[in-house]
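For the sequence shown, my numbering begins at 3 and goes up steadily by one. C-beta atoms are modelled at their ideal positions from N, C-alpha and C, and glycine is treated no differently.
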Amino acid sequence: MKRKIVYIFSFLFLYTFAYSQELKCSISATKIKYGEPIILKLEVKGNKSDRIVFPYIKDTLTYHLELLNIKIDTLTHDKIRIYTDSISFSVYELGQFKVPPQKVIINSKEYFSPEYHITVDSMAIDSLKQPLYDIRPIITEPKTIKDYIEQYWMYMLAGLIFIIIFIIVIISYYLEKKGKGSWRKKNSDLGILAIKKINKLEKSNYLNRGLSKKYYSELIVILKDYMEFRWKFPASKLITEDLISYLINNKFINKEEEALIVIFHSADLAKFAKSRPTIQETRIHTEMARKFINDTKMEFLNLKEKNEY
């Protein structure tokens, strides 16, 4: 029984080993004569379901290592497939050179061959007729854009993020300034609009026709509309006494704000008591209304900006 168990485990081990994927690498020579070919062999064991991608080489392995030929073979033995990529190349300069690692993808997993060093000697010569020269040192391959990206990508990414943040801050600052300017212009324009309505009312023919009630009614509507915007409360729905109390209690105006109180009381007399203020008195009340809007408009804008800063 024990022997059978040993056989079973041995079979499973050998089966797993036989079907395991691994990359074996070899090079035909590390010391050659000028122009002599070298073969770098990449070998992978697997089965037919394995997906193997060997390196794609166009013309050269590096600047000094010129490609001669690439040959890919597949050999099947006892359900095991052996994939071989034979890369033939040569060097046409004297000195020492590096063969960079080659990437092989086996079932989406990356494997790399080791880095080999190649020494290239000159052809045999008669040392009595021609002097000998030292072997050239290892030549460092010039870096490409890809090399710089791979080496400094973190710094490039950090710089890009900094630039994006800087642009966002500048745009936000610009939009905020533009918004503040638009807000100030909008609020200032609404105050100016109220003044224009008063000026238009003043040029009407109501007073000459004895329409004091209509004149004061429109003047009060202008003032209440302005107050609703200025202090954000339903001024148009309040009677005079409630309106004045609301403004004083909320400290929008003080008790000494006689101009506004006089205007509203005069309007009530004109509308309900059939009082007819003189044209001169009406013009004085109109000027009081205009001054009230101008004063509270600037006070509102300046206070708003002070609180924001």
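Counterpart residues of residue i in DSSP-defined beta bridges
| i | result |
| --- | --- |
| Thr76 | Tyr85 |
| Ile54 | Ile108 |
| Tyr118 | Val101 |
| Ile40 | Phe91 |
| Lys26 | Glu45 |
| Asp123 | Lys35 |
| Tyr176 | Answer is none; Tyr176 lacks a bridge partner. |
| Tyr113 | Val106 |
With 16 other Cβ atoms within 10 Å as the buried cut-off, status of residue i
| i | result |
| --- | --- |
| Leu249 | buried |
| Ile170 | exposed |
| His287 | buried |
| Met156 | exposed |
| Arg232 | buried |
| Gly212 | exposed |
| Ala196 | buried |
| Thr32 | exposed |
Alpha carbon of residue i to alpha carbon of residue j, nearest angstrom
| i | j | result |
| --- | --- | --- |
| Tyr36 | Ser92 | 8 Å |
| Thr298 | Ala160 | 51 Å |
| Asn296 | Ser268 | 21 Å |
| Met290 | Glu178 | 36 Å |
| Lys234 | Lys226 | 11 Å |
| Leu162 | Pro139 | 39 Å |
| Lys26 | Val106 | 11 Å |
| Ala237 | Lys253 | 15 Å |
| Met158 | Pro144 | 21 Å |
| Lys205 | Lys198 | 11 Å |
| Lys293 | Ile166 | 49 Å |
| Thr280 | Leu262 | 18 Å |
| Lys215 | Ile200 | 15 Å |
| Arg83 | Leu77 | 6 Å |
| His66 | Glu95 | 7 Å |
| Leu70 | Ile89 | 8 Å |
| Gln104 | Ser28 | 12 Å |
| Gly97 | Ser124 | 9 Å |
| Tyr175 | Ile194 | 28 Å |
| Glu230 | Ser247 | 15 Å |
Coil, strand or helix - residue i by DSSP
| i | result |
| --- | --- |
| Lys306 | At Lys306, the pLDDT of 45 sits below 50, so the modelled position is not reliable; the number obtained from the coordinates is stated separately. Three-state result, Lys306: helix. |
| Phe164 | helix |
| Glu95 | coil |
| Asn251 | helix |
| Gly183 | Because the pLDDT at Gly183 is just 49, under 50, the model does not fix this residue reliably, and the value given afterwards should be weighed accordingly. Correct three-state label for Gly183: helix. |
| Leu209 | coil |
| Ile34 | strand |
| Glu259 | coil |
| Tyr154 | helix |
| Leu245 | helix |
| Leu69 | strand |
| Thr62 | strand |
| Ser268 | helix |
| Leu240 | coil |
| Ala275 | coil |
| Phe231 | helix |
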